[in-house]
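For the sequence shown, my numbering gives the first residue as -3, with consecutive numbering after it.
Everything on this sheet refers to the single structure shown next.
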Amino acid sequence: MSLSPYLHFNGNCREAFEFYRAAFGGDFTVLQTFGEGPADMQVPDDERNNIMHVSLPVGAGVLMGSDVPSTFGEPAPSSSNMSISYAAQSRKETDDLFARLSEGGTVTMPLQDMFWGDYFGACIDRFGINWMISCEQPQG
């Protein structure tokens, strides 16, 4: 089993997921636009190239997302009540991933050795998504 976060965007899902693919590596397993959906889908013509669904494997989970068409109601709000936490395998991976995810965003807690033993930092990426990146440190 794994937990797979699903992110909603307001027309910039493709840009965000290209950013995440560059940060984490790998390839999309699914990338579909609203134009590829059913013919009777109520999506304005200028939004048919927006993302209906995208999946990017990350570790044991999958990061997924979509744009929210204007016909579906209010735009997707930026969330301040949740973060995506990623446990890296090494300090170097933590440093590299944190640098990529925080580029153009805001570092809310710089990477540092924490009292509970992890190397940890937090940021908000340029798309408004909160991230917590860490790795366990060997005890000794």
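The beta carbon of each residue, even a glycine, is placed where N, CA and C say it ideally should be.
Quick caveat, the model's predicted, so the values are computed rather than measured.
Taking DSSP's pairing of strands, which residues face residue i in a bridge?
i     : result
Q38   : Partner(s): none; Q38 has no beta bridge.
L(-1) : Its beta-bridge partners do not exist; DSSP assigns none.
D63   : F5
G57   : V54
A83   : S130
The alpha helix (DSSP H) with residue i in it runs from where to where?
i   : result
F20 : C9 to F20
T90 : R87 to S98
State the DSSP-derived secondary structure class of residue i, mapped to helix, strand or coil.
i    : result
D114 : strand
E220 : A query on residue 220 cannot be resolved here, the shown segment of the chain reaching from -3 to 136 and no further.
Mind checking which residues open and close the beta strand (DSSP E) that includes residue i?
i    : result
T102 : T102 to D109
E132 : N126 to E132
T29  : V26 to T29
Label residue i either buried or exposed according to how many other C-beta atoms from any shown protein chain fall within 10 Å of its C-beta, with 16 as the threshold for buried.
i    : result
G55  : exposed
A35  : exposed
P65  : buried
W112 : exposed
N46  : buried
S98  : buried
Stretch pair the segment 22 to 32 + the segment 46 to 63: three plus CB contacts closer than 8 angstroms
Contact between the segment 22 to 32 and the segment 46 to 63 is established, with three or more Cβ pairs separated by less than 8 angstroms.
For the segment 82 to 97 and the segment 34 to 45, state whether three or more C-beta atom pairs, one from each stretch, are separated by less than 8 angstroms.
Using a Cβ-Cβ distance cut-off of 8 angstroms, the segment 82 to 97 and the segment 34 to 45 are not in contact, since fewer than three pairs of beta carbons, one from each stretch, lie closer than that value.
Decide yes or no for the touch test of the segment 122 to 131 against the segment 69 to 82: beta carbon pairs closer than 8 angstroms, at least 3 of them.
The segment 122 to 131 vs the segment 69 to 82: in contact.
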